[in-house]
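Novice: So in the numbering used here, spot 233 of the sequence shown is number 1448, and the numbers just go up one at a time.
Just passing along the structure, written as structure tokens.
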Amino acid sequence: MENSTVSNYERVPSLGVVDYVLISAYVFVITIGFGGNTLVLLVVKRKRSMHTTTNYLLANLSAADLLTLLWCIPGLVTSYTLHPQGNLGDFLCKFVTMHHVAGITLLVSGITLTVLAVERYKALFYPLAVRLTLTRKNVKYPIVCIWLLSIAYVVPLFVGERFNQKVKFCEIVWPGENQALASIIYWGILAFITSVSFIIILFCYFNIIKGIYFTKTICSRGSTHSRDSEGSEKRKIVKLLLTVTLVFLVCFIPFCVMSVLLLDARYALSYKLCYFLVYCSSSLNPFIYAFHSSNYREAFRDILVKMTETLHCDFPKRWSNRCSNKMSDLELRATYHPSNEMAQIPPALDPQNQAKLLSFKRLEKQ
């Protein structure tokens, strides 16, 4: 999602060493990010122990990150090719070139992190307050609202974005005669939303850290053992959420600064690196979850083991037949008991296993 009204270049520069390195880095980031965020969604969906409000919000964050990475692919292609004109050019400007879809997902990520901070603050400081408490049943409503608000904010960009034949690139045509004023109002609203979210996050985590590590007001009741155990668990959750938030801010703030300072320098190296950082943040969260949470580590391990077993036995098909039909010699010996005179060859065995079992019978008789 860009805040420049016109980008004044006409042709794509030739690819250099830095471009090839960046493209390779993008491929790596997209690959690990796709796998990691998909794992998070599978874990939260399949593991009943992971069905908590915090994990549902983290899954929403992973869904937004997944869409960000997927939409990065066509955007990366158009950034290194000549831009089409006409209706196709307008369509690409709206949905691909200017990364407005990524703008939606980044807004979703930012607001979700804000909701997570507020949810943790309320759970730790006001655990008995029933009003406005997020539960497994009602957490879906704020998630839907987050997506609807993010889409609604970016709609004007989809409507106003078009391909400018003169400058050979995309521009935003705002409603009304005063284009500059409309642009200032629109981006001013975004700056306000971002600032308020940042202040809320800062307030919540400042008080949480203060209550856990300094004043010790959180987890101050109960026995020493239960208090220490509960406090340790809450500290882990806070560390996880705080790390995710800091990574997002560190990766996103440089891009915001460069977008303001380099309006007409799309292919400057610093701009490219800042853009790359934004997409890096979308691939790092699953690793943060695994590092800070033993629950996520175990769940990831279980899912990966099951996927490996499934692939080993089901793909390709000939290996599936071997897994389902072939029996080891030990299993065949266990099937035949010489002491049982009525033992018969199981009809379900394939011819090769039947031959093995017959040979075992002959050996026993000898």
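All residues carry an ideal CB built from backbone N, CA and C; glycine is no exception.
Terminal residues of the continuous beta strand (DSSP E) containing asparagine 1379?
Specialist: 1376-1379
Novice: Over what stretch of residues does the beta strand (DSSP E) that includes cysteine 1385 continue unbroken?
Specialist: 1384-1387
Novice: Please return the same chain residues whose Cβ sits closer than 7 Å to the Cβ of isoleucine 1245, not counting the five positions on each side in sequence.
Specialist: Spatial neighbours of isoleucine 1245 in its own chain (CB-CB distance under 7 Å, excluding positions within 5 residues in sequence) are listed in chain order as Leu1284, Cys1287, Ile1288.
Novice: Please work out which residues of its chain come closer than 7 Å, Cβ to Cβ, to serine 1237, disregarding the five sequence neighbours upstream and downstream, and give them in chain order.
Specialist: Checking the sequence shown, residue 1237 turns out to be leucine, not serine. Within the same chain, leucine 1237 has close Cβ partners Lys1487, Phe1491.
Novice: Rounded C-beta distance between alanine 1344 and isoleucine 1415? I'm assuming under 8 Å.
Specialist: In fact, because the Cβ distance is near 18 Å, the residues do not count as touching under 8 Å.
Novice: For lysine 1337, report the span of its alpha helix (DSSP H) as first-last.
Specialist: 1315-1340
Novice: Can you give the Cα-Cα distance for phenylalanine 1506 and lysine 1425, rounded to whole angstroms?
Specialist: In a straight line, the C-alpha of phenylalanine 1506 is about 23 Å away from that of lysine 1425.
Novice: Have a look at Asn1302, Leu1321, Ser1277 and flag the residue whose alpha-carbon is nearest the alpha-carbon of phenylalanine 1502.
Specialist: Ser1277
Novice: How long is the line joining the alpha carbons of leucine 1372 and leucine 1321, rounded to whole angstroms?
Specialist: 15 Å
Novice: Just verifying my parser: in three-state terms, what is the DSSP assignment at proline 1299?
Specialist: coil
Novice: What does the Cβ neighbour count give for alanine 1549, buried or exposed, with the cut at 16 atoms within 10 Å?
Specialist: Low local confidence applies: a pLDDT of 48 at alanine 1549 is under 50, so the model's placement there is unreliable, and no value is given.
Novice: Assign alanine 1395 to buried or exposed, taking buried as 16 or more other Cβ atoms, counted over all protein chains shown, within 10 Å of its Cβ.
Specialist: Around the beta carbon of alanine 1395, fewer than 16 other beta carbons sit within 10 angstroms, so the residue counts as exposed.
Novice: For threonine 1525, which of helix, strand or coil comes out of DSSP?
Specialist: helix
Novice: Helix, strand or coil: which one does DSSP assign to arginine 1351?
Specialist: Note: arginine 1351 maps to coil in three-state DSSP.
Novice: Give every residue of the same chain whose Cβ lies closer than 7 Å to the Cβ of arginine 1512, excluding the five residues on either side of it in the sequence, and list them in chain order.
Specialist: Ala1505
Novice: What's the gap between the Cα of lysine 1337 and the Cα of tyrosine 1420?
Specialist: Using only the alpha carbons, I get a separation of about 11 Å.
Novice: What's the call for leucine 1328, buried or exposed, on a 16-neighbour Cβ count within 10 Å?
Specialist: With at least 16 other beta carbons inside 10 angstroms of its own, leucine 1328 counts as buried.
Novice: Rounded to the nearest angstrom, what separates glycine 1375 and asparagine 1302 at their Cα positions?
Specialist: 14 Å
Novice: Rounded to whole angstroms, what's the CA-CA distance from leucine 1307 to cysteine 1385? Just pull it up for me.
Specialist: 9 Å
Novice: Looking at the unbroken alpha helix (DSSP H) that takes in proline 1501, where does it start and where does it end?
Specialist: 1484-1507
Novice: Could you tell me whether the Cβ atoms of isoleucine 1326 and serine 1412 are closer together than 9 Å?
Specialist: yes
Novice: Below 9 Å between beta carbons: does that hold for aspartate 1266 and arginine 1351?
Specialist: Note on residue identity: the sequence assigns histidine, not aspartate, to residue 1266. Taking 9 Å as the Cβ cut-off, histidine 1266 and arginine 1351 qualify as a contacting pair.
Novice: Helix, strand or coil for asparagine 1393? Go by DSSP, reduced to three states.
Specialist: coil
Novice: Which residue from Ser1398, Arg1335, Val1323, Phe1340 puts its Cα closest to that of leucine 1363?
Specialist: Val1323
Novice: Using C-beta distances below 6 Å, list every residue in its chain close to leucine 1545, excluding the 5 sequence neighbours before and after it, in chain order.
Specialist: Bear in mind that the predicted position of leucine 1545 carries a pLDDT of just 44, short of 50, making it too unreliable to give a figure here.
Novice: Sorted by chain position, which residues of the same chain lie with C-beta nearer than 8 Å to leucine 1254's C-beta, five sequence neighbours on each side aside?
Specialist: Pro1501, Phe1515, Ile1518, Leu1519
Novice: Kindly list the residues whose CB is nearer than 7 Å to the CB of serine 1496, restricted to its own chain and excluding five residues on each side of it in sequence; keep chain order.
Specialist: Val1462, Phe1463, Cys1466, Phe1467
Novice: Roughly how many angstroms lie between the CA atoms of leucine 1282 and serine 1498, to the nearest whole one?
Specialist: 11 Å
Novice: From the DSSP output, in three-state form, read off glycine 1231 for me.
Specialist: coil
Novice: What's the gap between the Cα of serine 1447 and the Cα of tyrosine 1428?
Specialist: 11 Å
Novice: How would you call arginine 1335, buried or exposed, if buried means at least 16 neighbouring beta carbons within 10 angstroms?
Specialist: buried
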